[in-house]
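The listed protein sequences derive, respectively, from chains U and F.
Just so we're aligned, residue 93 is where the first sequence starts under the working numbering, counting upward by one.
Just so we're aligned, residue 93 is where the second sequence starts under the working numbering, counting upward by one.
Let me begin by presenting the structure, written as structure tokens, before commenting on it.
Number of protein chains: 2
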Amino acid sequence: MKLYDGGRAPNPRRVRVFLAEKGIEVPLVPVDMGALAHKSDEVTARNPLQRLPILELDDGTVLTETVAICRYFEELYPEPALFGSDALGKARVEMWQRRMEFHLLMPVAQAFRHIHPAMKEWEVPQVAAWGEANKPKAVDFLRLLDEHLADSEFAVGDSLSIADITGMIAIDFMKPARIELPGELANVRRWYAAMKARPSADA
Amino acid sequence: MKLYDGGRAPNPRRVRVFLAEKGIEVPLVPVDMGALAHKSDEVTARNPLQRLPILELDDGTVLTETVAICRYFEELYPEPALFGSDALGKARVEMWQRRMEFHLLMPVAQAFRHIHPAMKEWEVPQVAAWGEANKPKAVDFLRLLDEHLADSEFAVGDSLSIADITGMIAIDFMKPARIELPGELANVRRWYAAMKARPSADA
Numbered sequence: 093m094k095l096y097d098g099g100r101a102p103n104p105r106r107v108r109v110f111l112a113e114k115g116i117e118v119p120l121v122p123v124d125m126g127a128l129a130h131k132s133d134e135v136t137a138r139n140p141l142q143r144l145p146i147l148e149l150d151d152g153t154v155l156t157e158t159v160a161i162c163r164y165f166e167e168l169y170p171e172p173a174l175f176g177s178d179a180l181g182k183a184r185v186e187m188w189q190r191r192m193e194f195h196l197l198m199p200v201a202q203a204f205r206h207i208h209p210a211m212k213e214w215e216v217p218q219v220a221a222w223g224e225a226n227k228p229k230a231v232d233f234l235r236l237l238d239e240h241l242a243d244s245e246f247a248v249g250d251s252l253s254i255a256d257i258t259g260m261i262a263i264d265f266m267k268p269a270r271i272e273l274p275g276e277l278a279n280v281r282r283w284y285a286a287m288k289a290r291p292s293a294d295a
Numbered sequence: 093m094k095l096y097d098g099g100r101a102p103n104p105r106r107v108r109v110f111l112a113e114k115g116i117e118v119p120l121v122p123v124d125m126g127a128l129a130h131k132s133d134e135v136t137a138r139n140p141l142q143r144l145p146i147l148e149l150d151d152g153t154v155l156t157e158t159v160a161i162c163r164y165f166e167e168l169y170p171e172p173a174l175f176g177s178d179a180l181g182k183a184r185v186e187m188w189q190r191r192m193e194f195h196l197l198m199p200v201a202q203a204f205r206h207i208h209p210a211m212k213e214w215e216v217p218q219v220a221a222w223g224e225a226n227k228p229k230a231v232d233f234l235r236l237l238d239e240h241l242a243d244s245e246f247a248v249g250d251s252l253s254i255a256d257i258t259g260m261i262a263i264d265f266m267k268p269a270r271i272e273l274p275g276e277l278a279n280v281r282r283w284y285a286a287m288k289a290r291p292s293a294d295a
């Protein structure tokens with residue numbers, strides 16, 4: 093198998109961090125998104141939505157969507173469980189994973205895509221007012237997350253899950269999106285620092 | 093357990109259709125979203141994000157996020173499998189489920205929330221230009237879906253999955269969002285008609 097990878101972009105990175113936590117190595121095919129290579133024929137033939145990452149299996153089967161690729165590896169290599177263990181645990185990971193996506197990663201991504209000049213060819217049309225409207229959404233969620241993390245080591249209990257990976261990458265993405273992490277969110281800062289200290293954060 | 097339900101809104105309906113396909117009955121607590129009752133203390137105490145549906149277990153444990161609630165029931169009652177069966181099947185369901193969410197349900201919801209006058213108190217600020225930008229996104233995805241459904245009965249092979257439920261509900265939601273389903277998309281129309289003919293569509 094091989095993984096079409098998109099470098100620093102958040103979704104390709106989510107998969108690489110996930111694989112690092114699992115201890116799985118997959119050959120990477122680098123795609124230069126800065127040069128819009130994700131719109132090439134090679135990528136489009138595999139994903140008409142022109143998004144990365146893309147996993148191609150040895151028989152040519154293609155999987156797209158970050159979380160679908162992660163789930164495939166979770167099924168093949170269940171340990172360590174990054175999608176939860178029992179029914180309630182799996183549901184809680186799904187709940188926090190989606191909260192991190194819909195209320196943090198997405199608002200941050202929208203702010204970046206609709207405001208940053210470098211995104212002009214990516215997001216057509218750029219709607220600056222919509223980008224700005226997303227900044228307080230991200231910060232509001234971080235306040236809620238801070239309360240949650242007051243008595244939880246990770247997003248779900250005392251085990252790392254894909255929800256933490258999504259959260260860490262969303263916070264990293266706040267820098268180019270020019271959203272500041274409020275200084276008073278001590279629990280988020282503790283959790284984020286612990287995530288950044290893991291070797292997987294460099295993947 | 094009990095399910096805080098939001099009537100006609102797409103996400104509460106996704107869970108009800110999912111439960112109907114599973115043959116599971118859960119007591120509903122109706123929440124009048126038209127009267128903004130999802131912002132009540134009762135709902136906010138259970139989900140500070142003030143979103144529905146919410147599942148409350150008998151011990152008071154709360155699960156939010158549509159797909160997390162569905163996944164909990166899938167774990168408790170695996171048959172019929174609506175999240176796929178083997179590793180590749182589960183990954184393909186996740187892939188199409190997310191495509192249906194990110195490239196269809198979300199653009200439709202954004203068009204509705206940012207343009208419809210009734211959403212003025214829901215989506216603050218309404219950014220009409222962003223709403224309009226989403227209409228062609230939804231239609232572009234439907235063209236891709238039409239090609240996919242040319243040789244696939246359901247979103248993933250010949251079994252119904254949560255991806256089909258999300259897709260059907262997204263297309264239903266196009267009506268209030270004032271997005272038209274292009275007449276020439278014969279495969280989407282065939283699949284959508286089959287979905288609407290299932291008893292679960294009335295849930």
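Think of the CB as a built atom: it goes at the ideal place given N, C-alpha and C, for glycine as much as any other residue.
From a predicted model like this one, the values you see are computed outputs, not experimental measurements.
Figure out for me which residue from F:141, F:109, F:125 and F:244 has the closest Cα to the Cα of residue 190 of chain U.
F:141
DSSP bridge partner residues for residue 97 of chain U (one or two, in chain order)
Looking at the DSSP assignment, residue 97 of chain U forms a beta bridge with U:122.
Please identify, using Cβ separations under 7 Å, the residues of the region 196-219 of chain U that lie next to chain F, in order along the chain.
217 and 219
Is residue 200 of chain U near residue 110 of chain U, with beta carbons less than 9 Å apart?
Residue 200 of chain U is not a Cβ neighbour of residue 110 of chain U, given a cutoff of 9 Å.
Name, please, each residue of chain U whose Cβ falls closer than 8 Å to the Cβ of residue 125 of chain F.
The premise fails here: residue 125 of chain F is roughly 18 Å from chain U at the closest Cβ pair, so nothing lies under 8 Å.
Would residue 146 of chain F be called buried (16 or more neighbouring beta carbons within 10 Å of its own) or exposed?
buried
Could you tell me whether the region 224-231 of chain F touches the region 268-283 of chain F, using the rule of 3 or more Cβ pairs below 8 Å?
yes
First and last residue of the uninterrupted beta strand (DSSP E) at residue 154 of chain F
Residues 154-156.
Along chain F, which residues have their Cβ under 7 Å away from the Cβ of residue 182 of chain U?
What residue 182 of chain U touches in chain F: 163 and 167.
Is the beta carbon of residue 179 of chain F closer than 9 Å to that of residue 168 of chain U?
Result yes, Cβ atoms of residue 168 of chain U and residue 179 of chain F sit closer than 9 Å.
Secondary structure at residue 237 of chain U, three-state DSSP: helix, strand or coil?
helix
By the DSSP assignment, the alpha helix (DSSP H) with residue 207 of chain U in it spans what residues?
198-207
Can you give the Cα-Cα distance for residue 107 of chain U and residue 219 of chain F, rounded to whole angstroms?
33 Å
Grab the span of the beta strand (DSSP E) containing residue 146 of chain F for me, first residue to last.
Element bounds for residue 146 of chain F: 146-148.
For a test of the three-state rule: what should DSSP assign to residue 177 of chain F, helix, strand or coil?
coil
Can you name the residues of chain U whose CB is closer than 7 Å to the CB of residue 157 of chain F?
186, 187, 190 and 191
Just checking my contact of residue 121 of chain F with residue 97 of chain F at CB under 8 Å: how many whole Å lie between their CB atoms?
6 Å
Completely contained alpha helix (DSSP H) runs for the region 236-293 of chain U, where each covers 4 or more residues:
Complete alpha helix (DSSP H) runs here, min 4: 254-265 and 278-288.
State the Cα-Cα distance for the pair residue 286 of chain U and residue 283 of chain F, rounded to the nearest angstrom.
47 Å
Would you tell me roughly how many angstroms separate the C-alpha atoms of residue 325 of chain U and residue 257 of chain U, rounded to the nearest one?
Residue coverage of chain U in this structure runs from 93 to 295, which leaves residue 325 of chain U outside it and unanswerable.
Closer than 9 Å, CB to CB, is residue 239 of chain U near chain F or not?
At least one chain F Cβ lies under 9 Å of residue 239 of chain U.
Just by C-beta distance, which residues in the region 134-149 of chain U are closer than 7 Å to chain F?
Answer in chain order: 140 and 141.
Cα-Cα separation between residue 217 of chain F and residue 225 of chain U, rounded to whole angstroms:
7 Å
What residue range does the alpha helix (DSSP H) around residue 171 of chain F cover?
Under the DSSP assignment, residue 171 of chain F falls outside any alpha helix (DSSP H); it carries neither an H nor an E label.
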